[in-house]
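Right, one structure below, let's go through it.
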Amino acid sequence: MIEKNINNEFDSLFKEGLENNAITPPNGVWENLSSQMGSQASNVTIAKTIATKTTSLWIKTSLFIAVASISGVIAYQAFNSKTEQQTLNSEIANNANTTNNSGQTIIQSEEIESELNESEKSDNKNIGVTPPILNEKSKSKPQNATHNTKETIVIENKTTAKESKDISDNIDNTSKNTNSKLPETQPNETIQNDEIYKDESEPITLNPIKKDTIFIIIPNVVTPNNDGINDVYRIEMKGEIKFYMAIFNDKMERIFETSNKNNAWDCKLSNLEDAPAGNYIVIVKYQLKNSDEKTETTKLKLIR
Amino acid sequence: MADFNIETLNELLVQCIDKQPKAQKKLFDILSPRMFAICLRYSQNEDEAKDLLQEGFIKIFNNLEQFSNKGSLEGWIKRIFINTCIEFHRKNQKHRFLDNIENVTEISIDSQTLSLLKKADLMKLVQKLPKGYRTVFNLFVVDGYGHSEIAEMLNVSENTSKTQLFRARQILQEIILKQDLK
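Below, the structure is given as structure tokens:
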């Protein structure tokens, strides 16, 4: 009973102190607000019905403009990536043509590589492919690498078929020479070429993650520095039936647990102090659709 | 609000529905101190509260015509602001899951210490609560909602609401004791 009285006293103190509080907001809030409502405010003098009509017209026109500009950008990018690729291939051809000595070829193939790397970056931006997927694919068939260069260059320089044969022979030679020293990087880049050629026939179709896929991602790092990236620890998953997560510190004391995948750990201890940087252990018990229940233990690094 | 007579207020509302900037500014000036106080106690700091205030007013100006004169205008507006705050926190969810009540050690605070707290301290204390606790504490203690209503608003179980309230009180008491306001 005494406890309840204290609670009541405590509560009423806060209620009285806060319920009818009035604090004038700082300057600038109204200015911000009115600028956000700007489009509506400009229609003041017009009668209300007309105002609503015009706003809907505005929306329509702006939508149209947006669609038009987006499609323009896409077309421009597709064109760009094409032309870039062509120039690149001709560059490869030039480089390969001049290579006879094994010493030179290494340097030049490195040049090609760096150029390819650059183009890879820009192409990734244009097409929206995430690098990990490409890596996976390139890992899966590294042996075909030299073949692919041959093919792509032949396709590219159809008009100069004879030349391109010579070039591809040259490239075969160079890759044989350089294979011992550049065993993995060279094939990767050439596969990259292959990927892009596929894209030309059906652009912007590579979606890294389908919306309805079932997956779980257990991150192993969290950086609570309020930069908006990995500030809280959360398991990303879809298609789960069961879920439970617990986080332990290095003394194996449980500091967080949840059975809701949307609940994130804000890197605070139960006494609300910030959890220190260091290693933590995450145990996740989960069951995804069409599979058995699993328990996974992950080392989590907290960096401050 | 109290010093405003109903007729002028109604007129003001009609003008606001017409989206007249002057009327909107007037309504903002009348309402903003009270609503800012609400936003402040539902948020962590002033910046967050400013964002919430802005968002709430945009909602009010855009939906004013939906207000039916059944309830009080202030109650309606207050509810919109509270919902805006809850929605904001749902978007940036950081709810911590709780230990059972049994596991938590009891701390009680004597009324003498409480009497030393000032109004300004109260706001700071509430802002120090973690989001989940803060929301439940505000809804239950200050705004007078019941646990079942809170459960519905936040889409949690009634028990969660109770536990969070319990923990919120405890955390507040801990902070008060730590600060040693004497």
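Chains as they are written, first to last, in the working numbering: chain A, -12 to 291; chain B, 89 to 270. The C-beta atom is built at its ideal place from N, Cα and C for all residues, glycine as well. From a predicted model like this one, the values you see are computed outputs, not experimental measurements.
Residue j beta carbon less than 7 Å from that of residue i
i	j	result
arginine 291 of chain A	alanine 264 of chain A	yes
aspartate -2 of chain A	valine 229 of chain B	yes
phenylalanine 202 of chain A	lysine 225 of chain A	yes
isoleucine 216 of chain A	lysine 248 of chain A	no
glutamine 132 of chain B	glutamine 267 of chain B	no
leucine 287 of chain A	asparagine 207 of chain A	yes
isoleucine 10 of chain A	phenylalanine 176 of chain B	no
leucine 213 of chain B	leucine 260 of chain B	yes
isoleucine 205 of chain A	threonine 285 of chain A	yes
serine 245 of chain B	histidine 235 of chain B	no
glycine 4 of chain A	lysine 107 of chain B	no
cysteine 173 of chain B	tyrosine 233 of chain B	no
As assigned by DSSP and simplified to three states, the class of residue i
i	result
arginine 224 of chain A	Checking the displayed sequence, the identity of residue 224 of chain A turns out to be methionine instead of arginine. Here methionine 224 of chain A sits in strand by DSSP.
glutamine 215 of chain B	helix
asparagine 266 of chain A	strand
leucine 5 of chain A	helix
aspartate 261 of chain A	strand
methionine 76 of chain B	Chain B is shown from 89 up to 270; residue 76 of chain B falls before or after that span and cannot be answered.
threonine 284 of chain A	strand
phenylalanine 155 of chain B	coil
lysine 272 of chain A	strand
valine 208 of chain A	strand
arginine 84 of chain B	For residue 84 of chain B there is no data in the structure shown, the boundaries of chain B being 89 and 270.
glutamate -4 of chain A	helix
tyrosine 231 of chain A	strand
arginine 291 of chain A	coil
lysine 107 of chain B	coil
isoleucine 10 of chain A	coil
lysine 255 of chain A	strand
threonine 200 of chain A	coil
isoleucine 118 of chain B	helix
glutamate 240 of chain B	helix
glutamate 246 of chain B	helix
glutamate 240 of chain A	coil
alanine 148 of chain A	Caution is warranted here: a pLDDT of 45 is assigned to alanine 148 of chain A, below 50, making its placement in the model unreliable, and no coordinate value can be reported.
Expected contact under 8 Å - CB spacing of residue i and residue j to nearest Å
i	j	result
valine 294 of chain A	leucine 259 of chain A	This structure cannot settle anything about residue 294 of chain A, because the visible part of chain A is limited to -12 through 291.
leucine 152 of chain B	isoleucine 105 of chain B	5 Å
alanine 262 of chain A	lysine 255 of chain A	6 Å
proline 12 of chain A	serine 120 of chain B	5 Å
arginine 21 of chain A	proline 109 of chain B	A quick correction: the sequence has serine, not arginine, at residue 21 of chain A. With 8 Å as the limit, serine 21 of chain A and proline 109 of chain B qualify as a contact, their Cβ atoms being about 6 Å apart.
arginine 257 of chain B	asparagine -6 of chain A	7 Å
methionine 232 of chain A	phenylalanine 149 of chain B	Not quite, the Cβ-Cβ distance comes to about 42 Å (not below 8 Å), so this is no contact.
lysine 276 of chain A	isoleucine 228 of chain A	6 Å
Contact test: residue i Cβ vs the ligand FMN heavy atom, cutoff 6 Å
i	result
glutamate 244 of chain A	Annotation note on the ligand FMN: not contained in the displayed structure, which lists no ligands.
Chain E contact for residue i (CB, 7 Å cutoff)
i	result
leucine 161 of chain B	Among the protein chains of the structure shown, namely A and B, there is no chain E.
(request) State whether the stretch 255 to 275 of chain A contacts the stretch 218 to 237 of chain A, with contact taken as three or more CB pairs (one from each stretch) at a distance under 8 Å. (result) Between the stretch 255 to 275 of chain A and the stretch 218 to 237 of chain A there are three or more C-beta pairs closer than 8 Å, enough to call the two in contact.
(message) For the stretch 227 to 260 of chain B, list every residue whose C-beta sits within 7 Å of some C-beta in chain A, in sequence order.
(response) Residues of the stretch 227 to 260 of chain B that bring their beta carbon within less than 7 Å of a beta carbon in chain A comprise Val229, Val230, Arg257 and Ile259, in sequence order.
(message) Pairs of beta-carbons, one from the stretch 135 to 145 of chain B and one from the stretch 159 to 178 of chain B, closer than 8 Å: are there three or more?
(response) Short answer: they touch.
(message) If contact is defined by three or more beta carbon pairs under 8 Å, each pair taking one atom from either stretch, is the stretch 235 to 242 of chain B in contact with the stretch 127 to 138 of chain B?
(response) In this structure the stretch 127 to 138 of chain B does not lie against the stretch 235 to 242 of chain B, because fewer than three pairs of beta carbons, one per stretch, are closer than 8 Å.
(message) I want to know whether the stretch 248 to 255 of chain B touches the stretch 217 to 224 of chain B - three or more CB-CB distances under 8 Å.
(response) The stretch 248 to 255 of chain B is in contact with the stretch 217 to 224 of chain B.
(message) Any contact between the stretch 201 to 221 of chain B and the stretch 110 to 124 of chain B? By contact I mean 3 or more CB pairs, one from each, below 8 Å.
(response) In short, these stretches do not touch, since the Cβ pair count stays below three.
(message) Can you pull out the residues from the stretch 257 to 291 of chain A whose beta carbon lies closer than 8 Å to at least one beta carbon of chain B?
(response) The stretch 257 to 291 of chain A vs chain B, Cβ under 8 Å: Ser257, Asn258 and Leu259.
(message) For the stretch 229 to 242 of chain A, list every residue whose C-beta sits within 7 Å of some C-beta in chain B, in sequence order.
(response) Of all residues in the stretch 229 to 242 of chain A, none has a Cβ within less than 7 Å of some Cβ in chain B.
(request) May I ask you to list, following chain order, the residues of the stretch 144 to 157 of chain B that have a beta carbon less than 7 Å from some beta carbon of chain A? (result) Look at the stretch 144 to 157 of chain B: the residues with a C-beta under 7 Å from a C-beta of chain A are Phe145, Ile146 and Phe149.
(message) Counting only Cβ-Cβ distances shorter than 9 Å, please list the residues of the stretch 119 to 135 of chain B near chain A, keeping chain order.
(response) Those would be Ser120, Pro121, Arg122, Met123, Phe124, Ala125, Ile126, Cys127, Leu128, Arg129 and Glu134, in chain order.
(request) Mind checking the stretch 6 to 28 of chain A against chain B and listing, in chain order, the residues whose C-beta falls within less than 9 Å of any C-beta there? (result) In summary, the residues of the stretch 6 to 28 of chain A whose CB is separated from some CB of chain B by less than 9 Å are Glu6, Asn7, Asn8, Ala9, Ile10, Thr11, Pro12, Pro13, Gly15, Val16, Trp17, Asn19, Leu20, Ser21, Gln23, Met24, Gln27 and Ala28, in the order they occur in the chain.
(message) Beta carbons nearer than 7 Å to chain B: which residues of the stretch 209 to 220 of chain A have them?
(response) For the stretch 209 to 220 of chain A, which is checked against every Cβ of chain B, the residues closer than 7 Å are Val219.
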